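Notes follow the structure.
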Amino acid sequence: MMSVPPLSFAGPQSIELVDGGYGSEEEFSKTNVLGKYVLIKRGPEIGEAIPFFQKLLNAKKRGAVGAIIWNHSLGEVFQMFVGFNSITGEPIRNEEIVPSCFIGNSDGLFLQKLVSGQEVKTSITEEIADTVARMTAIGPTSDLTFKPDVCAPGIGVPAPLSTSSTDGNTSKYTQNFSGTSASAGIVSGAVALIKQANPGWTPSDIRLALMNTSKLLINPITGEYSSLLLQGAGQINAKMATSAPCVISPGGLIVTKDKSKDVKLTFKGLGTDANFKVRFEVLNKLDDYVKFTGQETVSVPSKNEATYTFSIDYSATEIPWNVECVIWFESDKIKLHVPVICWKGYATSEKRNITSLKVTGNNINYDGKGDKVTIEFGVAMGDKFTYKPLFYKMQSDEEAPQPRETMISGVQFDLIDGNGDTWVTIKRFENTQYGYYKFDWFGEDAEGMHSIPDGSYGLKIVISETVLEPG
9 MMSVPPLSFA GPQSIELVDG GYGSEEEFSK TNVLGKYVLI KRGPEIGEAI
59 PFFQKLLNAK KRGAVGAIIW NHSLGEVFQM FVGFNSITGE PIRNEEIVPS
109 CFIGNSDGLF LQKLVSGQEV KTSITEEIAD TVARMTAIGP TSDLTFKPDV
159 CAPGIGVPAP LSTSSTDGNT SKYTQNFSGT SASAGIVSGA VALIKQANPG
209 WTPSDIRLAL MNTSKLLINP ITGEYSSLLL QGAGQINAKM ATSAPCVISP
259 GGLIVTKDKS KDVKLTFKGL GTDANFKVRF EVLNKLDDYV KFTGQETVSV
309 PSKNEATYTF SIDYSATEIP WNVECVIWFE SDKIKLHVPV ICWKGYATSE
359 KRNITSLKVT GNNINYDGKG DKVTIEFGVA MGDKFTYKPL FYKMQSDEEA
409 PQPRETMISG VQFDLIDGNG DTWVTIKRFE NTQYGYYKFD WFGEDAEGMH
459 SIPDGSYGLK IVISETVLEP G
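Heads up, the sequence shown is in this note's numbering, so the first residue is 9 and it goes up one at a time.
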(Lines of atoms letter the chains of each structure in order from A and count residues from 1; the text may use other names and numbers.)
(Lines give C-alpha, C1' and ligand atoms only; values in the text may rest on other atoms or scores of the structure.)
Protein backbone atom coordinates (compact mmCIF):
# COMPACT_ATOMS: atom_id res chain seq x y z
CA MET A 1 0.00 0.00 0.00
CA MET A 2 1.22 3.47 -0.77
CA SER A 3 0.34 7.01 0.19
CA VAL A 4 -0.06 9.98 -2.17
CA PRO A 5 -0.13 13.37 -0.40
CA PRO A 6 -2.99 15.63 -1.56
CA LEU A 7 -1.17 18.90 -2.30
CA SER A 8 -2.08 21.82 -4.51
CA PHE A 9 -0.55 25.32 -4.68
CA ALA A 10 -1.57 28.36 -6.70
CA GLY A 11 1.98 29.44 -7.54
CA PRO A 12 4.98 31.25 -6.03
CA GLN A 13 4.11 33.85 -3.40
CA SER A 14 6.06 35.89 -0.85
CA ILE A 15 4.23 36.10 2.48
CA GLU A 16 5.56 36.83 5.96
CA LEU A 17 5.51 33.96 8.45
CA VAL A 18 4.96 34.61 12.18
CA ASP A 19 4.81 32.32 15.22
CA GLY A 20 1.31 31.76 16.54
CA GLY A 21 2.11 29.41 19.40
CA TYR A 22 -0.57 26.74 19.76
CA GLY A 23 -3.13 28.82 17.87
CA SER A 24 -5.26 29.85 20.83
CA GLU A 25 -7.34 33.03 20.79
CA GLU A 26 -5.19 34.43 23.60
CA GLU A 27 -1.95 33.85 21.66
CA PHE A 28 -3.39 35.39 18.49
CA SER A 29 -4.47 38.48 20.44
CA LYS A 30 -0.79 39.14 21.23
CA THR A 31 0.52 38.65 17.68
CA ASN A 32 -0.18 40.60 14.52
CA VAL A 33 -1.10 37.94 11.96
CA LEU A 34 -3.09 40.16 9.59
CA GLY A 35 -2.21 39.26 5.99
CA LYS A 36 0.44 36.79 7.13
CA TYR A 37 1.01 33.06 7.34
CA VAL A 38 1.07 31.80 10.89
CA LEU A 39 3.18 28.94 12.27
CA ILE A 40 1.07 26.95 14.75
CA LYS A 41 2.24 24.09 16.95
CA ARG A 42 0.08 21.00 17.41
CA GLY A 43 -1.27 20.51 20.92
CA PRO A 44 -0.68 21.60 23.68
CA GLU A 45 0.82 18.32 24.82
CA ILE A 46 -0.26 18.88 28.45
CA GLY A 47 -3.92 19.52 29.08
CA GLU A 48 -6.61 19.68 26.43
CA ALA A 49 -5.33 20.01 22.87
CA ILE A 50 -6.81 22.71 20.65
CA PRO A 51 -8.49 20.94 17.70
CA PHE A 52 -7.01 21.62 14.28
CA PHE A 53 -10.21 23.22 13.01
CA GLN A 54 -10.24 25.64 15.97
CA LYS A 55 -6.67 26.76 15.30
CA LEU A 56 -7.64 27.56 11.70
CA LEU A 57 -10.85 29.32 12.75
CA ASN A 58 -8.87 31.48 15.18
CA ALA A 59 -6.34 32.33 12.47
CA LYS A 60 -9.12 33.32 10.08
CA LYS A 61 -10.77 35.57 12.68
CA ARG A 62 -7.48 37.46 13.17
CA GLY A 63 -6.94 38.00 9.45
CA ALA A 64 -4.25 35.43 8.68
CA VAL A 65 -4.10 34.22 5.08
CA GLY A 66 -2.75 30.73 5.81
CA ALA A 67 -1.33 28.44 8.46
CA ILE A 68 1.47 25.91 8.79
CA ILE A 69 0.74 23.49 11.63
CA TRP A 70 3.71 21.52 12.90
CA ASN A 71 3.87 18.36 14.97
CA HIS A 72 4.65 18.76 18.67
CA SER A 73 6.76 15.58 18.63
CA LEU A 74 8.59 13.36 16.20
CA GLY A 75 5.95 11.40 14.36
CA GLU A 76 3.65 10.89 11.45
CA VAL A 77 2.93 13.66 8.97
CA PHE A 78 -0.74 13.03 8.29
CA GLN A 79 -3.69 14.65 6.60
CA MET A 80 -5.66 16.92 8.93
CA PHE A 81 -9.43 16.58 8.73
CA VAL A 82 -10.76 20.08 9.27
CA GLY A 83 -13.98 19.98 7.27
CA PHE A 84 -16.11 19.50 10.35
CA ASN A 85 -16.25 20.52 14.00
CA SER A 86 -14.89 17.50 15.89
CA ILE A 87 -16.80 18.61 19.01
CA THR A 88 -20.28 19.29 17.60
CA GLY A 89 -20.03 17.31 14.36
CA GLU A 90 -21.21 20.32 12.34
CA PRO A 91 -19.61 20.85 8.91
CA ILE A 92 -17.16 23.74 8.46
CA ARG A 93 -17.12 25.64 5.16
CA ASN A 94 -13.78 26.33 3.48
CA GLU A 95 -14.35 30.09 3.69
CA GLU A 96 -14.48 29.85 7.50
CA ILE A 97 -10.88 28.70 7.85
CA VAL A 98 -7.50 29.56 6.33
CA PRO A 99 -5.59 27.29 3.91
CA SER A 100 -3.23 25.07 5.85
CA CYS A 101 -0.70 22.27 5.73
CA PHE A 102 0.84 19.93 8.30
CA ILE A 103 4.60 19.44 8.67
CA GLY A 104 6.85 17.36 10.89
CA ASN A 105 8.45 18.25 14.18
CA SER A 106 11.96 18.76 12.79
CA ASP A 107 10.79 21.17 10.09
CA GLY A 108 8.60 22.99 12.58
CA LEU A 109 11.43 23.47 15.07
CA PHE A 110 13.63 24.79 12.29
CA LEU A 111 11.01 27.33 11.14
CA GLN A 112 10.28 28.37 14.72
CA LYS A 113 13.93 29.17 15.36
CA LEU A 114 14.17 31.16 12.15
CA VAL A 115 11.05 33.27 12.70
CA SER A 116 12.09 34.08 16.26
CA GLY A 117 14.43 36.82 15.12
CA GLN A 118 15.22 36.66 11.42
CA GLU A 119 13.57 37.39 8.12
CA VAL A 120 12.67 34.06 6.54
CA LYS A 121 12.21 33.08 2.92
CA THR A 122 10.31 29.82 2.54
CA SER A 123 9.64 28.04 -0.73
CA ILE A 124 6.76 25.56 -0.98
CA THR A 125 6.61 23.54 -4.17
CA GLU A 126 4.11 21.01 -5.39
CA GLU A 127 5.95 17.71 -5.49
CA ILE A 128 3.76 14.63 -5.34
CA ALA A 129 5.96 11.94 -3.79
CA ASP A 130 4.54 8.43 -3.69
CA THR A 131 5.60 6.81 -0.44
CA VAL A 132 4.88 3.57 1.36
CA ALA A 133 2.01 3.96 3.82
CA ARG A 134 2.83 3.38 7.48
CA MET A 135 0.10 0.73 7.90
CA THR A 136 1.36 -1.43 5.07
CA ALA A 137 2.04 -5.01 6.16
CA ILE A 138 5.61 -6.27 5.90
CA GLY A 139 6.75 -9.49 4.21
CA PRO A 140 7.76 -12.18 3.67
CA THR A 141 5.52 -15.18 4.35
CA SER A 142 6.54 -17.73 7.01
CA ASP A 143 8.00 -20.03 4.32
CA LEU A 144 10.04 -17.16 2.82
CA THR A 145 7.83 -16.57 -0.20
CA PHE A 146 8.30 -13.06 -1.58
CA LYS A 147 5.59 -10.73 -0.22
CA PRO A 148 3.94 -8.37 -1.03
CA ASP A 149 3.78 -8.66 -4.83
CA VAL A 150 3.11 -4.99 -5.62
CA CYS A 151 1.71 -1.83 -4.05
CA ALA A 152 -0.95 0.66 -5.14
CA PRO A 153 -2.59 3.83 -3.76
CA GLY A 154 -4.37 3.09 -0.49
CA ILE A 155 -4.52 6.32 1.54
CA GLY A 156 -7.28 8.89 1.05
CA VAL A 157 -8.74 7.20 -2.02
CA PRO A 158 -12.09 8.77 -3.05
CA ALA A 159 -14.97 6.33 -3.48
CA PRO A 160 -18.59 6.93 -4.52
CA LEU A 161 -21.21 7.20 -1.79
CA SER A 162 -24.58 5.52 -1.95
CA THR A 163 -26.19 8.56 -0.29
CA SER A 164 -25.82 12.32 -0.51
CA SER A 165 -24.08 12.58 2.87
CA THR A 166 -20.80 14.42 3.19
CA ASP A 167 -17.86 14.45 5.57
CA GLY A 168 -17.03 18.04 4.77
CA ASN A 169 -13.81 17.20 2.91
CA THR A 170 -15.13 15.73 -0.33
CA SER A 171 -18.07 16.24 -2.62
CA LYS A 172 -21.49 14.96 -1.58
CA TYR A 173 -21.02 12.07 -3.98
CA THR A 174 -17.69 10.71 -2.74
CA GLN A 175 -15.84 9.95 0.46
CA ASN A 176 -12.17 9.25 1.10
CA PHE A 177 -11.16 5.98 2.69
CA SER A 178 -7.94 4.06 3.27
CA GLY A 179 -6.63 0.51 3.55
CA THR A 180 -6.06 -2.53 1.39
CA SER A 181 -9.74 -2.34 0.43
CA ALA A 182 -8.89 0.94 -1.31
CA SER A 183 -5.81 -0.54 -3.00
CA ALA A 184 -7.66 -3.66 -4.13
CA GLY A 185 -10.09 -1.67 -6.24
CA ILE A 186 -7.30 0.15 -8.03
CA VAL A 187 -5.36 -3.05 -8.74
CA SER A 188 -8.53 -4.82 -9.92
CA GLY A 189 -9.26 -1.98 -12.31
CA ALA A 190 -5.71 -2.13 -13.66
CA VAL A 191 -6.02 -5.89 -14.17
CA ALA A 192 -9.30 -5.41 -16.07
CA LEU A 193 -7.70 -2.87 -18.42
CA ILE A 194 -4.68 -5.12 -19.04
CA LYS A 195 -6.97 -8.09 -19.77
CA GLN A 196 -9.04 -6.00 -22.17
CA ALA A 197 -5.90 -4.99 -24.07
CA ASN A 198 -4.48 -8.55 -24.02
CA PRO A 199 -7.39 -11.05 -24.01
CA GLY A 200 -5.06 -14.02 -24.38
CA TRP A 201 -3.03 -13.32 -21.24
CA THR A 202 -3.54 -15.62 -18.26
CA PRO A 203 -4.01 -14.38 -14.67
CA SER A 204 -0.37 -15.35 -14.02
CA ASP A 205 0.77 -13.35 -17.05
CA ILE A 206 -1.02 -10.24 -15.78
CA ARG A 207 0.31 -10.61 -12.24
CA LEU A 208 3.89 -11.00 -13.46
CA ALA A 209 3.54 -8.13 -15.95
CA LEU A 210 2.45 -5.85 -13.09
CA MET A 211 5.41 -6.96 -10.97
CA ASN A 212 8.03 -6.81 -13.74
CA THR A 213 7.04 -3.31 -14.92
CA SER A 214 6.29 -1.67 -11.56
CA LYS A 215 7.92 1.51 -10.28
CA LEU A 216 10.15 1.16 -7.23
CA LEU A 217 9.22 3.72 -4.56
CA ILE A 218 11.74 5.91 -2.79
CA ASN A 219 12.31 6.28 0.94
CA PRO A 220 12.10 10.10 1.35
CA ILE A 221 14.64 10.08 4.18
CA THR A 222 17.45 8.25 2.40
CA GLY A 223 16.66 8.88 -1.25
CA GLU A 224 17.17 5.13 -1.78
CA TYR A 225 14.51 2.58 -2.66
CA SER A 226 12.12 1.66 0.14
CA SER A 227 12.52 -1.84 1.49
CA LEU A 228 11.32 -4.57 -0.85
CA LEU A 229 9.78 -6.19 2.23
CA LEU A 230 7.40 -3.21 2.28
CA GLN A 231 6.69 -2.38 -1.34
CA GLY A 232 7.23 -5.72 -3.07
CA ALA A 233 8.19 -5.21 -6.70
CA GLY A 234 6.91 -1.63 -6.56
CA GLN A 235 3.97 0.57 -7.55
CA ILE A 236 1.87 -0.84 -10.38
CA ASN A 237 2.01 0.79 -13.81
CA ALA A 238 -0.91 -0.50 -15.87
CA LYS A 239 0.18 1.23 -19.09
CA MET A 240 3.67 -0.24 -18.95
CA ALA A 241 2.38 -3.67 -17.98
CA THR A 242 0.02 -3.71 -20.95
CA SER A 243 2.94 -3.40 -23.40
CA ALA A 244 5.26 -5.95 -21.75
CA PRO A 245 6.86 -8.13 -24.49
CA CYS A 246 7.37 -10.94 -21.97
CA VAL A 247 7.01 -11.78 -18.30
CA ILE A 248 9.58 -13.12 -15.85
CA SER A 249 8.85 -15.78 -13.26
CA PRO A 250 9.14 -15.70 -10.32
CA GLY A 251 8.34 -12.00 -10.02
CA GLY A 252 10.30 -11.68 -6.77
CA LEU A 253 12.80 -13.85 -4.92
CA ILE A 254 14.15 -14.41 -1.44
CA VAL A 255 17.36 -16.43 -1.50
CA THR A 256 19.04 -18.06 1.47
CA LYS A 257 22.72 -18.93 1.65
CA ASP A 258 22.09 -22.59 0.80
CA LYS A 259 19.81 -21.73 -2.14
CA SER A 260 21.62 -18.84 -3.80
CA LYS A 261 23.48 -20.82 -6.50
CA ASP A 262 22.19 -21.47 -10.01
CA VAL A 263 18.91 -19.66 -9.44
CA LYS A 264 16.66 -19.78 -12.52
CA LEU A 265 14.35 -17.17 -13.94
CA THR A 266 11.92 -18.15 -16.70
CA PHE A 267 10.96 -15.70 -19.45
CA LYS A 268 7.67 -16.21 -21.29
CA GLY A 269 7.31 -14.41 -24.63
CA LEU A 270 3.98 -12.68 -25.17
CA GLY A 271 4.16 -12.02 -28.89
CA THR A 272 7.25 -9.87 -29.48
CA ASP A 273 10.92 -10.82 -29.67
CA ALA A 274 12.93 -9.10 -26.96
CA ASN A 275 16.65 -8.67 -26.27
CA PHE A 276 17.76 -7.42 -22.87
CA LYS A 277 20.94 -6.22 -21.23
CA VAL A 278 21.24 -7.43 -17.65
CA ARG A 279 22.20 -5.15 -14.77
CA PHE A 280 22.47 -6.12 -11.10
CA GLU A 281 21.91 -3.46 -8.44
CA VAL A 282 22.53 -3.80 -4.71
CA LEU A 283 20.46 -1.35 -2.71
CA ASN A 284 21.64 0.91 0.13
CA LYS A 285 25.28 0.89 -1.02
CA LEU A 286 25.94 -2.60 0.36
CA ASP A 287 27.76 -3.87 -2.75
CA ASP A 288 30.73 -5.15 -0.77
CA TYR A 289 28.60 -7.83 0.87
CA VAL A 290 27.19 -9.44 -2.29
CA LYS A 291 28.71 -10.88 -5.48
CA PHE A 292 26.49 -11.55 -8.51
CA THR A 293 27.34 -13.93 -11.34
CA GLY A 294 25.26 -14.17 -14.51
CA GLN A 295 25.21 -13.52 -18.26
CA GLU A 296 25.17 -9.91 -19.40
CA THR A 297 22.37 -10.43 -21.97
CA VAL A 298 19.29 -12.55 -22.49
CA SER A 299 17.10 -13.01 -25.60
CA VAL A 300 13.44 -13.98 -25.42
CA PRO A 301 11.77 -15.32 -28.59
CA SER A 302 8.21 -14.39 -29.49
CA LYS A 303 5.65 -16.75 -27.94
CA ASN A 304 8.33 -19.00 -26.49
CA GLU A 305 10.36 -19.37 -23.32
CA ALA A 306 13.91 -18.57 -22.27
CA THR A 307 15.82 -19.26 -19.07
CA TYR A 308 18.26 -17.02 -17.23
CA THR A 309 20.50 -18.52 -14.53
CA PHE A 310 22.43 -16.55 -11.95
CA SER A 311 24.21 -17.03 -8.61
CA ILE A 312 24.60 -14.73 -5.62
CA ASP A 313 27.45 -15.21 -3.19
CA TYR A 314 27.08 -13.71 0.29
CA SER A 315 27.71 -14.59 3.92
CA ALA A 316 24.63 -14.62 6.14
CA THR A 317 26.83 -14.06 9.18
CA GLU A 318 28.65 -11.06 7.69
CA ILE A 319 25.77 -9.08 6.17
CA PRO A 320 24.45 -6.58 8.74
CA TRP A 321 20.81 -7.11 7.67
CA ASN A 322 18.84 -8.55 4.78
CA VAL A 323 20.57 -7.23 1.65
CA GLU A 324 18.09 -6.21 -1.02
CA CYS A 325 18.92 -6.29 -4.72
CA VAL A 326 17.26 -5.75 -8.10
CA ILE A 327 18.06 -7.53 -11.38
CA TRP A 328 17.24 -5.19 -14.27
CA PHE A 329 16.50 -6.40 -17.80
CA GLU A 330 16.73 -3.39 -20.10
CA SER A 331 15.94 -2.94 -23.78
CA ASP A 332 15.46 0.11 -25.99
CA LYS A 333 11.70 -0.01 -25.44
CA ILE A 334 11.13 -1.24 -21.92
CA LYS A 335 12.83 -1.99 -18.60
CA LEU A 336 11.79 -5.03 -16.56
CA HIS A 337 13.02 -6.05 -13.14
CA VAL A 338 12.99 -8.80 -10.53
CA PRO A 339 13.59 -7.92 -6.85
CA VAL A 340 15.86 -10.27 -4.90
CA ILE A 341 16.48 -10.36 -1.14
CA CYS A 342 19.57 -12.04 0.32
CA TRP A 343 18.12 -13.40 3.53
CA LYS A 344 19.58 -12.94 6.99
CA GLY A 345 16.59 -13.16 9.31
CA TYR A 346 12.91 -12.45 9.79
CA ALA A 347 11.67 -8.87 9.82
CA THR A 348 10.43 -8.06 13.30
CA SER A 349 7.31 -6.24 12.20
CA GLU A 350 5.43 -6.74 15.49
CA LYS A 351 7.81 -4.60 17.58
CA ARG A 352 9.56 -1.70 15.92
CA ASN A 353 13.15 -1.29 17.03
CA ILE A 354 16.61 -0.08 16.11
CA THR A 355 19.04 -2.85 15.18
CA SER A 356 22.60 -3.29 13.96
CA LEU A 357 23.86 0.01 15.35
CA LYS A 358 27.37 0.79 14.11
CA VAL A 359 29.41 3.90 14.89
CA THR A 360 32.61 4.57 12.95
CA GLY A 361 34.97 7.25 14.31
CA ASN A 362 34.86 8.90 17.71
CA ASN A 363 36.77 12.14 17.36
CA ILE A 364 36.07 15.53 15.73
CA ASN A 365 38.77 18.21 15.88
CA TYR A 366 37.19 21.12 13.98
CA ASP A 367 40.54 21.60 12.27
CA GLY A 368 39.19 21.68 8.74
CA LYS A 369 40.43 18.20 7.90
CA GLY A 370 36.94 16.80 7.43
CA ASP A 371 36.75 14.68 10.58
CA LYS A 372 33.38 13.00 11.01
CA VAL A 373 31.51 10.27 12.83
CA THR A 374 29.48 7.83 10.71
CA ILE A 375 26.42 6.23 12.26
CA GLU A 376 24.62 3.28 10.66
CA PHE A 377 21.54 1.46 11.89
CA GLY A 378 18.72 -0.75 10.70
CA VAL A 379 15.03 -0.49 11.51
CA ALA A 380 13.42 -3.89 12.23
CA MET A 381 15.49 -5.81 9.72
CA GLY A 382 15.59 -9.12 11.55
CA ASP A 383 18.56 -8.83 13.92
CA LYS A 384 18.37 -9.14 17.68
CA PHE A 385 16.59 -6.40 19.58
CA THR A 386 18.93 -3.64 20.68
CA TYR A 387 16.38 -0.98 21.55
CA LYS A 388 12.63 -1.01 22.00
CA PRO A 389 10.04 1.78 21.79
CA LEU A 390 9.73 3.78 24.99
CA PHE A 391 6.26 2.56 25.82
CA TYR A 392 7.53 -1.01 26.21
CA LYS A 393 9.28 0.08 29.40
CA MET A 394 5.94 0.93 30.97
CA GLN A 395 4.34 -2.48 30.64
CA SER A 396 5.18 -6.14 30.23
CA ASP A 397 5.70 -7.66 26.80
CA GLU A 398 2.43 -9.55 27.20
CA GLU A 399 0.52 -6.33 27.83
CA ALA A 400 2.32 -4.25 25.25
CA PRO A 401 0.31 -3.28 22.17
CA GLN A 402 1.37 -4.88 18.92
CA PRO A 403 1.87 -1.97 16.48
CA ARG A 404 0.80 -2.68 12.92
CA GLU A 405 2.43 0.34 11.31
CA THR A 406 5.64 -0.18 9.37
CA MET A 407 7.40 2.95 10.53
CA ILE A 408 8.97 4.28 13.67
CA SER A 409 7.37 7.67 14.25
CA GLY A 410 10.57 9.24 15.50
CA VAL A 411 14.22 8.29 15.93
CA GLN A 412 16.37 10.86 17.70
CA PHE A 413 20.13 10.78 18.36
CA ASP A 414 21.25 12.76 21.42
CA LEU A 415 24.65 13.44 22.95
CA ILE A 416 24.88 12.80 26.69
CA ASP A 417 27.53 13.88 29.15
CA GLY A 418 29.29 11.82 31.80
CA ASN A 419 26.31 12.14 34.14
CA GLY A 420 23.93 10.73 31.56
CA ASP A 421 22.25 14.10 31.01
CA THR A 422 21.19 15.01 27.48
CA TRP A 423 23.37 17.78 26.04
CA VAL A 424 22.05 18.27 22.52
CA THR A 425 20.18 16.52 19.72
CA ILE A 426 22.41 15.85 16.70
CA LYS A 427 19.98 14.08 14.35
CA ARG A 428 16.25 13.46 14.00
CA PHE A 429 14.41 11.09 11.71
CA GLU A 430 10.64 11.20 11.31
CA ASN A 431 8.39 8.50 9.81
CA THR A 432 11.32 6.11 9.61
CA GLN A 433 10.49 3.12 7.42
CA TYR A 434 11.90 -0.33 7.90
CA GLY A 435 15.28 -0.35 6.20
CA TYR A 436 18.91 0.66 6.40
CA TYR A 437 20.07 4.16 7.41
CA LYS A 438 23.41 5.90 7.46
CA PHE A 439 24.47 9.46 8.20
CA ASP A 440 27.66 11.41 8.81
CA TRP A 441 27.94 13.75 11.78
CA PHE A 442 30.39 16.69 11.64
CA GLY A 443 30.03 18.02 15.18
CA GLU A 444 26.95 20.25 14.87
CA ASP A 445 23.48 20.23 16.37
CA ALA A 446 20.53 18.79 14.43
CA GLU A 447 19.76 22.14 12.79
CA GLY A 448 23.39 22.70 11.77
CA MET A 449 23.46 26.04 13.56
CA HIS A 450 25.92 25.42 16.39
CA SER A 451 29.11 23.42 16.84
CA ILE A 452 29.30 21.21 19.90
CA PRO A 453 31.85 22.36 22.56
CA ASP A 454 34.96 20.28 23.19
CA GLY A 455 34.40 17.38 25.53
CA SER A 456 33.62 13.67 25.80
CA TYR A 457 30.08 12.59 25.03
CA GLY A 458 28.04 9.42 24.79
CA LEU A 459 25.31 8.61 22.25
CA LYS A 460 21.69 8.05 23.23
CA ILE A 461 18.91 6.92 20.91
CA VAL A 462 15.31 7.91 21.66
CA ILE A 463 12.42 6.23 19.86
CA SER A 464 9.01 7.91 19.94
CA GLU A 465 5.51 7.01 18.82
CA THR A 466 2.72 9.12 17.37
CA VAL A 467 -0.40 9.67 19.45
CA LEU A 468 -3.28 10.49 17.12
CA GLU A 469 -5.61 13.16 18.43
CA PRO A 470 -7.86 15.85 16.88
CA GLY A 471 -5.45 18.70 17.57
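All C-beta atoms in this analysis are idealised placements derived from N, C-alpha and C, irrespective of residue type, glycine included.
Owing to the predicted nature of the structure, the values given are computational and were not obtained by experimental measurement.
{"Asked": "If you draw a straight line from the C-alpha of residue 267 to the C-alpha of residue 350, how long is it?", "Found": "10 Å"}
{"Asked": "Count the other C-beta atoms from every protein chain shown that fall within 10 angstroms of the C-beta of residue 464, then say buried if there are 16 or more, exposed otherwise.", "Found": "exposed"}
{"Asked": "Can you have a look at residue 526 and say buried or exposed, based on whether 16 or more other CB atoms are within 10 angstroms of its CB?", "Found": "For the chain, the structure presents residues 9 to 479; residue 526 sits outside this window and is missing."}
{"Asked": "Closest by CA to residue 277, which one among 306, 327, 286, 323?", "Found": "306"}
{"Asked": "Less than 7 Å between C-beta atoms, sequence neighbours within five positions excluded: which residues of the same chain meet that for residue 431?", "Found": "423, 424, 425, 465"}
{"Asked": "Using the Cα positions of residue 148 and residue 261, report the straight-line distance between them to the nearest angstrom.", "Found": "10 Å"}
{"Asked": "Near residue 244, what residues of its chain come up, given a Cβ to Cβ distance below 6 Å and the 5 sequence neighbours on each side ignored?", "Found": "158, 160, 198, 218, 222"}
{"Asked": "Please list the terminal residues of the continuous alpha helix (DSSP H) segment that includes residue 192.", "Found": "188-205"}
{"Asked": "Taking the continuous beta strand (DSSP E) assigned at residue 365, which residues delimit it?", "Found": "362-368"}
{"Asked": "Which value, in whole angstroms, describes the spacing of the CA atoms of residue 53 and residue 296?", "Found": "46 Å"}
{"Asked": "Quick one: what does DSSP say residue 246 is sitting in, helix, strand or coil?", "Found": "helix"}
{"Asked": "Let me confirm a value: residue 72 is counted as buried when at least 16 other C-beta atoms fall within 10 Å, else exposed. Which label applies?", "Found": "buried"}
{"Asked": "What are the partner residues of residue 143, as DSSP defines its beta bridges?", "Found": "For residue 143, which the question treats as bridged, DSSP gives no partner whatsoever."}
{"Asked": "Note the first and the last residue of the continuous alpha helix (DSSP H) segment covering residue 116.", "Found": "113-123"}
{"Asked": "Using a Cβ-Cβ cutoff of less than 8 Å, which residues in the same chain neighbour residue 182 once the five nearest sequence positions on both sides are dropped?", "Found": "166, 167, 168, 169"}
{"Asked": "By Cβ distance, which residues of its chain are closer than 6 Å to residue 264, with the 5 residues on each side in sequence left out?", "Found": "351"}
{"Asked": "Which residues bound the beta strand (DSSP E) around residue 60?", "Found": "Residue 60 -> not in any beta strand (DSSP E); alpha helix (DSSP H) instead, spanning 60-69."}
{"Asked": "State the start and end residues of the unbroken alpha helix (DSSP H) segment that holds residue 436.", "Found": "Here residue 436 belongs to no alpha helix (DSSP H); instead the beta strand (DSSP E) covers 430-441."}
{"Asked": "Less than 6 Å between C-beta atoms, sequence neighbours within five positions excluded: which residues of the same chain meet that for residue 152?", "Found": "262"}
{"Asked": "For residue 25, write down the residues that DSSP places opposite it in a beta bridge.", "Found": "45"}
{"Asked": "Is residue 166 helix, strand or coil when you go by DSSP?", "Found": "strand"}
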